[in-house]
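One structure is given here, and the rest of the page talks about it.
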Amino acid sequence: MESNAWVLKDQPPNKHNHIVSVWHGEEGMEQAMRQMLENSIFELRNTVKELEKRLSSVEDEGNEWKTRYEMQVELNRQLERQISILKGKMELIRGNPTDKLSIIRIFDQMPVGSLKEVLKQLEEEKKSLQNQLKDYELRLEQEAKAYHKANDERRMYLSEILQASSTLTVVERQKADALRVKGESQILRERCGILQNPKMVNPQKGQIKKTVGVKQLPKLKH
1 MESNAWVLKD
11 QPPNKHNHIV
21 SVWHGEEGME
31 QAMRQMLENS
41 IFELRNTVKE
51 LEKRLSSVED
61 EGNEWKTRYE
71 MQVELNRQLE
81 RQISILKGKM
91 ELIRGNPTDK
101 LSIIRIFDQM
111 PVGSLKEVLK
121 QLEEEKKSLQ
131 NQLKDYELRL
141 EQEAKAYHKA
151 NDERRMYLSE
161 ILQASSTLTV
171 VERQKADALR
181 VKGESQILRE
191 RCGILQNPKM
201 VNPQKGQIKK
211 TVGVKQLPKL
221 KH
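Each residue of the sequence shown is one higher than the last, beginning at 1 in the UniProt record's numbering.
Written out as structure tokens, the structure reads:
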């Protein structure tokens with residue numbers, strides 16, 4: 001036999017079967033891992049979308065409450081100014097000992113009955129405005145609580161979106177690593193498959209059959 005001929009010894013069948021079994025097991029684990037990662041990515045993306053929808057809804061609601069809150073604050077300020085003006089008028093009508101001449105100049109032509117009627121009307125108006133102010137203050141307190149609640153929900157959703165996005169990034173990176181490992185495993189299986197081929201090819205002599213690692217003796221002639 002020529003020296004450049006390739007000779008390959010037979011491998012025990014049980015060892016070959018064991019290697020194939022291990023490869024099949026690894027491939028099944030890789031498929032299960034990829035499926036698990038894909039499911040996780042799908043669920044995380046849906047979670048992020050749902051949180052973004054909730055955040056948008058909360059922001060819209062928060063803007064509405066903020067507008068109502070600011071309008072209520074301005075309305076309360078106007079009512080307080082009106083009450084202050086009415087108080088000044090009442091003090092003027094009731095009379096101020098230090099400025100009796102000014103009172104006389106304003107109401108010198110009004111009868112006492114008319115003055116009493118004006119005073120009564122102003123007192124009723126003041127009472128009505130005070131009740132209205134109390135009602136607005138209560139509403140303002142409620143709307144302020146609702147606004148702060150919406151703002152807290154907004155911050156909570158932002159935090160959850162950030163956390164879900166970070167987890168999604170990690171899972172996507174794991175999926176990419178799993179695909180890379182799969183490619184490397186495929187290359188390794190292909191290389192090992194060449195070594196397990198029962199026929200080898202000699203680059204110079206072409207395809208030869210595998211033989212045992214012992215030279216065969218020529219048959220004896222009788």
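Ideal Cβ placement from N, Cα and C applies to all residues, glycine included.
Per-residue burial, residue i [other beta carbons within 10 Å of its own, 16 or more giving buried]
i, result
"L44", "buried"
"A176", "exposed"
"V73", "exposed"
"S70", "Note on identity: in this sequence residue 70 is Glu, with Ser being the wrong assignment. Exposed, because fewer than 16 other Cβ atoms sit within 10 Å of the Cβ of E70."
"V171", "buried"
Assigned secondary structure, residue i (DSSP; H/G/I helix, E/B strand, else coil)
i, result
"M110", "coil"
8 angstroms Cβ cutoff met for residue i and residue j
i, j, result
"I83", "L129", "yes"
"L168", "V48", "yes"
"L79", "L133", "yes"
"K53", "Y147", "no"
Beta-carbon separation (whole angstroms), residue i vs residue j, contact threshold 8 angstroms
i, j, result
"R68", "E143", "5 angstroms"
Span separating the alpha-carbon of residue i from that of residue j
i, j, result
"E160", "A178", "27 angstroms"
"Q163", "R139", "36 angstroms"
"E124", "E137", "20 angstroms"
"K127", "R81", "14 angstroms"
"V181", "D152", "44 angstroms"
"residue 229", "E117", "Nothing can be reported for residue 229: it is not among the residues displayed for the chain, which extend from 1 to 222."
"G113", "L119", "10 angstroms"
"R173", "S57", "31 angstroms"
"V201", "G183", "With a pLDDT of only 48 at V201, under the threshold of 50, the placement of this residue in the model should not be trusted; the figure read from the coordinates follows. Using only the alpha carbons, I get a separation of about 26 angstroms."
"S185", "S166", "29 angstroms"
"R154", "N46", "19 angstroms"
"A150", "L115", "51 angstroms"
"M36", "L188", "24 angstroms"
"F42", "L75", "50 angstroms"
"K145", "D135", "16 angstroms"
"S40", "M156", "22 angstroms"
"Q109", "N131", "33 angstroms"
"residue 224", "Q121", "No answer is possible for residue 224: it lies beyond the span of the chain, which begins at 1 and ends at 222."
Closer than 7 angstroms: residue i CB and nearest the ligand GTP heavy atom
i, result
"E74", "What this structure holds is no ligand at all, so the ligand GTP is not there to describe."
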